[in-house]
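Chemist: Below is a structure I'd like to ask you about.
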Amino acid sequence: MAKSPKSKFEKIAFIASDVTDAGDALARLAERYGSVDPREADAIVALGGDGLMLQTLRRYLNDRIPIYGMNRGSVGFLMNEYREDGLLERLAAAEISRVHPLSMVAYDAQGKASKALAINEVSLFRETFQAAKLKISIDGKVRMEELICDGVLVATPAGSTAYNLSAHGPILPINAPLLALTPISPFRPRRWRGALLPNKARISVTALEIDKRPVSAVADAVEMRHVERVEIEQARTIDLFMMFDPGHSLDERILAEQFRY
1 MAKSPKSKFE KIAFIASDVT DAGDALARLA ERYGSVDPRE ADAIVALGGD GLMLQTLRRY
61 LNDRIPIYGM NRGSVGFLMN EYREDGLLER LAAAEISRVH PLSMVAYDAQ GKASKALAIN
121 EVSLFRETFQ AAKLKISIDG KVRMEELICD GVLVATPAGS TAYNLSAHGP ILPINAPLLA
181 LTPISPFRPR RWRGALLPNK ARISVTALEI DKRPVSAVAD AVEMRHVERV EIEQARTIDL
241 FMMFDPGHSL DERILAEQFR Y
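Using this note's numbering, you'd call the opening residue of the sequence shown number 1 and step up by one each time.
Here is the structure:
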């Protein structure tokens with residue numbers, strides 16, 4: 001049976017980004033609360049921005065350790081407010097959101113496969129001034145013979161408010177059993193806005209005319225160039241745990257984002 005995250009947080013690991021404010025905060029918090037190796041911790045406190053949160057989730061994705069972010073960066077959508085007092089009480093009261101990453105397998109023209117995981121999205125991009133031509137299949141059935149575009153992305157609910165939103169994709173509630181398939185600057189068909197897919201869907205994107213129109217694939221920050229085909233599906237056996245202060249859960253933030261303008 002899969003191990004659940006602990007409900008008591010006595011051993012804390014602190015991790016910080018390279019930003020000076022984050023490093024200074026780490027020093028103060030570690031002195032006050034103590035700090036252990038992350039893989040021995042009951043919880044990891046990440047001090048930085050959303051980029052650090054994603055890096056930390058990825059680094060410890062097999063350890064099932066809940067991660068509590070405190071914002072020492074800029075946007076901080078995935079982070080809690082930074083406060084040094086009452087940290088143990090905040091951890092004990094935190095709401096835990098469970099998310100699953102996407103699994104990407106990218107094949108080059110020789111059939112060589114490269115694998116990566118994405119917490120936010122998997123994206124395909126044109127590499128040159130030439131628009132990409134892509135064929136999209138869902139569960140083995142071709143749904144779009146040719147999409148001419150700058151690219152296309154598949155976003156998780158956790159990532160739906162990131163690049164997906166900037167590309168005019170839909171915001172997904174965190175517990176919705178859905179994935180967002182969103183075109184990036186589509187030229188033909190121009191009015192196609194994408195699709196909502198069940199999170200059990202197997203998505204295949206094939207790059208057409210790759211000698212003339214090379215395409216790269218990116219799983220969050222991991223890039224693979226000159227790909228011919230990309231297979232994407234949710235890695236449902238991998239659980240990631242993010243901690244949020246009560247009333248500021250990821251569910252609430254995603255819901256609130258839909259009413260901003």
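By construction, the Cβ of each residue, glycine as well, lies at the ideal position given by its N, Cα and C atoms. All figures in this text were calculated on a predicted structure; none of them were measured in a lab.
#1: On a Cα-Cα basis, can you pick out the residue from 79, 160, 243, 72 that is closest to residue 197?
#2: So, is residue 111 buried or exposed, given that buried needs 16 or more other C-beta atoms within 10 angstroms?
#3: Could you tell me the alpha carbon to alpha carbon distance between residue 211 and residue 129, rounded to whole angstroms?
#4: Would a C-beta distance cut-off of 8 Å place residue 78 and residue 108 closer than the cut-off?
#5: According to the Cβ coordinates, are residue 106 and residue 224 closer than 8 Å?
#6: Counting pairs of beta carbons, one from the region 171–185 and one from the region 141–153, are three or more of them closer than 8 Å?
#7: Buried or exposed for residue 83, please, with buried defined as at least 16 other CB atoms from any protein chain shown within 10 angstroms of its CB.
#8: Hey, out of 164, 227, 66, whose CA is closest to residue 127's CA?
#9: Measuring straight from C-alpha to C-alpha, what distance separates residue 58 and residue 137?
#10: Using the C-alpha atoms, what's the distance from residue 140 back to residue 250?
#11: Excluding five sequence neighbours on each side, which residues of the same chain lie with their C-beta closer than 8 Å to the C-beta of residue 40?
#12: To test your reading of the DSSP string, which unbroken alpha helix (DSSP H) runs of 4 or more residues are found completely within the region 31–64?
#13: Tell me, to the nearest whole angstrom, how far the beta carbon of residue 245 is from that of residue 94; I am working on the premise that it is less than 8 Å.
#14: Rounding to the nearest angstrom, what Cα-Cα distance links residue 209 and residue 122 in this structure?
#15: Relative to the alpha-carbon of residue 116, which residue among 61, 134, 27, 133 has its alpha-carbon at the smallest distance?
#16: Given this structure, state the Cα-to-Cα distance separating residue 169 from residue 31, to the nearest angstrom.
#17: I believe residue 236 touches residue 100 by the beta-carbon criterion, under 8 Å. Please report the beta-carbon distance rounded to the nearest angstrom.
#18: For residue 148, report the span of its beta strand (DSSP E) as first-last.
#19: Output needed for residue 17: all residues of its chain with C-beta closer than 6 Å, excluding positions within five of it in sequence on either side, in chain order.
#20: Using the C-alpha atoms, what's the distance from residue 187 back to residue 22?
#21: Please determine, among 76, 157, 135, the residue with the shortest C-alpha to C-alpha distance to residue 215.
#22: Give the single residue among 103, 163, 206, 171 whose Cα lies nearest to the Cα of residue 234.
#23: With a threshold of 7 Å on Cβ separation, who are the neighbours of residue 114 within its own chain once the five nearest residues in sequence on each side are excluded?
#24: Are the Cβ atoms of residue 243 and residue 43 separated by less than 8 Å?
#25: Quick check on the burial criterion: 16 or more other C-beta atoms within 10 angstroms. Buried or exposed for residue 175?
#26: Note the first and the last residue of the continuous alpha helix (DSSP H) segment covering residue 239.
#27: If you draw a straight line from the alpha carbon of residue 206 to that of residue 92, how long is it in whole angstroms?
Modeler: Reading it off the structure:
#1: 160
#2: exposed
#3: 13 Å
#4: no
#5: yes
#6: yes
#7: exposed
#8: 227
#9: 28 Å
#10: 33 Å
#11: 11, 13
#12: 50–59
#13: 6 Å
#14: 21 Å
#15: 61
#16: 44 Å
#17: 5 Å
#18: 141–149
#19: 48, 52
#20: 43 Å
#21: 135
#22: 103
#23: 106, 224
#24: yes
#25: exposed
#26: Residue 239 -> no alpha helix (DSSP H), and no H or E assigned at all.
#27: 46 Å
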